[in-house]
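Data first, discussion second: the structure below is written as structure tokens.
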Amino acid sequence: MAGHLRTVFLLVLPFLLGKVLEFVLRSRPGQRAATALGAPELATEEGAHLLHHLTREGAGAAGLALATLAQPPSPPGPAGWVRQAARLGSLLLALGGLLRALAAFEEERARLRARLAALAGR
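Residue numbering for the sequence shown is 571 to 692, as defined by the working numbering.
Shown next as structure tokens:
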């Protein structure tokens, strides 16, 4: 039962966290905070949606890493190194997913910033 609860938690939490961030960034205090932090493009609807997407992907990668770390360590023996290699592969996959999400976020953020600058220049 705990495994199912953990799975539901890892599926629902990223979505809820993303929605909360999106809601906060659309509020007036959130817009002021984003501007003060030097990221006013995140206070737009597109920027809030972009951050929501990053949050979901990042939390999914973190969930994979946590699920891998929660597995019991493999017992010593001839097949122990295979399980360790599989565990390391899962952790590297999670790290790769997180880095891919961050890179995509920065690319989209730069495009959004350029689009907003072009609109402001008109």
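Quick reminder that beta carbons are idealized off the backbone N, C-alpha and C, glycines included.
Among the options, which residue has its Cα nearest to the Cα of residue i?
i, options, result
"residue 656", "669, 642, 690", "642"
"residue 686", "613, 574, 575, 587", "613"
"residue 608", "668, 581, 683", "683"
"residue 633", "673, 664, 672", "664"
"residue 675", "651, 652, 611", "611"
"residue 668", "659, 637, 625, 640", "625"
"residue 620", "638, 602, 588, 637", "588"
Taking all protein chains shown into account, decide if residue i is buried (16 or more other Cβ within 10 angstroms of its Cβ) or exposed.
i, result
"residue 618", "buried"
"residue 615", "exposed"
"residue 671", "buried"
"residue 604", "buried"
Within the 8 Å Cβ cut-off, does residue i reach chain D?
i, result
"residue 656", "Among the chains in the structure shown there is no chain D, since it carries only a single protein chain."
Problem set entry | Complete runs of the alpha helix (DSSP H) confined to the region 600-686 [at least 4 residues] | 615-640
For this session: Answer yes if the region 627-637 comes into contact with the region 592-602, meaning at least three C-beta pairs across the two stretches below 8 Å, and no otherwise.
Result: The way I'd put it, the region 592-602 doesn't touch the region 627-637; fewer than three beta-carbon pairs between them come closer than 8 Å.
Exercise. With a cut-off of 8 Å, do at least 3 Cβ pairs link the region 679-691 to the region 644-652?
Worked result: By the Cβ rule, the region 679-691 does not count as touching the region 644-652, because fewer than three pairs are nearer than 8 Å.
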